[in-house]
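For the sequence shown, the positions run 1 to 416 when full-length UniProt numbering is used.
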Amino acid sequence: MTENSISINKERLIQDMEAINSNTATPGNGRTRFSYSEEDRKTREYLSKEFTNLNLVVKTDGAGNIRAKYDPKKNDLPSVMIGSHIDTVMNGGEFDGLAGTIAALEVIRTIKENKTDITHPVELVIFSEEEGSNFGSTTVGSKVMTGKLTKADLKTLYNSEKQSAYEVMQAFGFDADSIGKDLLQKNEVKAMMELHIEQGGVLEEESKSVGIVHAIAGMNTFQVTLNGVSNHAGTTPMPGRKDPLVGASKVIIALEEYARTQVNNTTVATVGKLECSPSGSNVINKTVTFNVDIRDIEQSGIDQVSNYLKDKIKETAETQQLEYEIDLIGTSAPARLSETVIDTLVAKAEKREMDYLKLHSGAVHDTMMLADVADVAMIFVPSKNGISHSPDEYTSYEDIEDGANLMLEAVIELTQ
1 MTENSISINK
11 ERLIQDMEAI
21 NSNTATPGNG
31 RTRFSYSEED
41 RKTREYLSKE
51 FTNLNLVVKT
61 DGAGNIRAKY
71 DPKKNDLPSV
81 MIGSHIDTVM
91 NGGEFDGLAG
101 TIAALEVIRT
111 IKENKTDITH
121 PVELVIFSEE
131 EGSNFGSTTV
141 GSKVMTGKLT
151 KADLKTLYNS
161 EKQSAYEVMQ
171 AFGFDADSIG
181 KDLLQKNEVK
191 AMMELHIEQG
201 GVLEEESKSV
211 GIVHAIAGMN
221 TFQVTLNGVS
231 NHAGTTPMPG
241 RKDPLVGASK
251 VIIALEEYAR
261 TQVNNTTVAT
271 VGKLECSPSG
281 SNVINKTVTF
291 NVDIRDIEQS
301 GIDQVSNYLK
311 DKIKETAETQ
321 QLEYEIDLIG
331 TSAPARLSET
341 VIDTLVAKAE
351 KREMDYLKLH
361 SGAVHDTMML
371 ADVADVAMIF
381 VPSKNGISHS
391 PDEYTSYEDI
401 EDGANLMLEA
411 VIELTQ
């Protein structure tokens, strides 16, 4: 660290992280903090007190996205925006999303405490429903903020209780009817940065303390339904069966082989959710529904696998005598991040003598939704054994401190 650098308060960051991580619906089995849950409400109340202590100007939109601005000069210049999300997957970890949110809060605290002279405001953003845990569609909040999801779209996204996203937001106390009226505009944000755990093993394998992200994978998420004929497992001869689980298995195996061998080395395809009905051990199922997650930093890879999936489902449905539906329930384009902000991060990492690595993100992040309205960038910090979305997720607070201090340096530069 250079002589004139200031640094965030690691102990205060830890205190915030531990306090918020006590808000979980699954004590003893990871962190479960869905958007629009009681745990989410408690977290928002905790953060609201911190915003009040800092005299931040806070706005919350109809989807629950929070924007908290530190604006000492009140000159209406575009903000440098920093932040992440506070929601988790079921039985998730302590660091995904939350580390970036609290690091951003610490950056603002540190700038204010040190009376650092800034010209542009600094704005903490907290995106709602990043994980897609409620409605099966990721980055809902940032898509709403940037106009990529409308109020009408939210009425077509449902949770497991058959409540629409629009209804859930309204019931939680947000004005979902206002969605679309308060979109983030290009002239509001000069640059946006998100600190996040890597959720992979590259930084650990390369013994790097921070990663500077140059691209984020886009994705298509499909929901596939195969319908056959339910019947007795013992009395129904093998010829002529219309078994949707067999059909689904053929599609899934073929998809894995195709994505692994026929596309880009950055292309991935995953089936992580499959439901059978009536799901009895001695019953041929009538219906099988599964989701397909296709990602790449190249749009060509996403399109190629998506087209293969559609063709394979059609072919399998015909040969297995099944009916089928395939619906695109979520999509995002790959994002190349801002060279301007990346160059700033590289310069500041070198100033602090950090051992950094440039890399891409295979996970989707809210940052990419803002790429068409601002210069965006991401900072990664290492994930132990590459594990995330699990109670075993772990990132050292020393690494989070390094990432937060890198963001602090870049924010000070970009706010001048």
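We put the beta carbon where it would ideally sit given N, CA and C, even for glycine.
Computed from a prediction, not measured in an experiment: that's the story for all the values here.
Nearest-angstrom Cα separation, counted from residue j out to residue i
i, j, result
"Thr24", "Arg31", "5 Å"
"Ser207", "Ser178", "47 Å"
"Asp392", "Thr236", "45 Å"
"His85", "Thr266", "25 Å"
"Ala99", "Met17", "7 Å"
"Ser249", "Gly201", "29 Å"
"Ser160", "Tyr36", "14 Å"
"Met1", "Arg352", "Because Met1 carries a pLDDT of 47, less than 50, the predicted location of this residue cannot be relied on, and the following value inherits that uncertainty. The straight-line gap from Cα to Cα measures roughly 4 Å."
"Met193", "Val144", "19 Å"
"Ser133", "Asp87", "8 Å"
"Glu38", "Gly211", "34 Å"
"residue 421", "Gly301", "Missing from the structure shown is residue 421; the chain here goes from 1 to 416 and no further."
"Pro72", "Met90", "39 Å"
Contacts around residue i, its chain only, beta-carbon distance under 6 Å, and the 5 residues preceding and following it disregarded
i, result
"Ala215", "Ile297, Arg336 and His360"
"Phe174", "Gly62 and Gly64"
"Met81", "Glu123, Val125, Val189 and Met192"
"Ala349", "Tyr356 and Leu406"
"Gly403", "Leu195, Val210, Ile379 and Val381"
Residue i CB to nearest heavy atom of the ligand MG below 7 Å
i, result
"Pro391", "As far as ligands go, the structure on display features none, and thus does not contain the ligand MG."
Coarse secondary structure for residue i, derived from DSSP in three states
i, result
"Val210", "strand"
"Thr43", "helix"
"Ala333", "coil"
"Asp182", "coil"
"Asp392", "coil"
"Phe174", "coil"
"Lys242", "coil"
"Arg295", "strand"
"Ala217", "coil"
"Gln304", "helix"
"residue 424", "This structure cannot settle anything about residue 424, because the visible part of the chain is limited to 1 through 416."
Cut-off 7 Å between Cβ atoms - residues of its own chain near residue i, not counting five sequence neighbours on either side
i, result
"Asn114", "Ile6"
"Glu188", "Pro78 and Ser79"
"Gly362", "Gly200, Ala217, Val268 and Arg295"
"Thr225", "Thr287, Thr289, Tyr324 and Glu325"
"Ser48", "none"
"Asp327", "Phe222 and Gln223"
Burial state of residue i, where buried means 16 or more other Cβ atoms lie within 10 Å
i, result
"Val57", "exposed"
"Ala171", "exposed"
"Asn75", "exposed"
"Pro278", "exposed"
"Ser128", "buried"
"Gln304", "buried"
"Ile253", "exposed"
"Met238", "exposed"
Residues of its chain near residue i, where Cβ-Cβ distance is below 8 Å and the 5 sequence neighbours each way are ignored
i, result
"Glu11", "none"
Beta-carbon proximity of residue i to residue j, cut-off 8 Å
i, j, result
"Leu183", "Gly147", "yes"
"Thr138", "Val373", "no"
"Leu370", "Ala410", "no"
"Ile400", "Ala103", "yes"
"Thr395", "Ile197", "yes"
"Asn291", "Lys310", "no"
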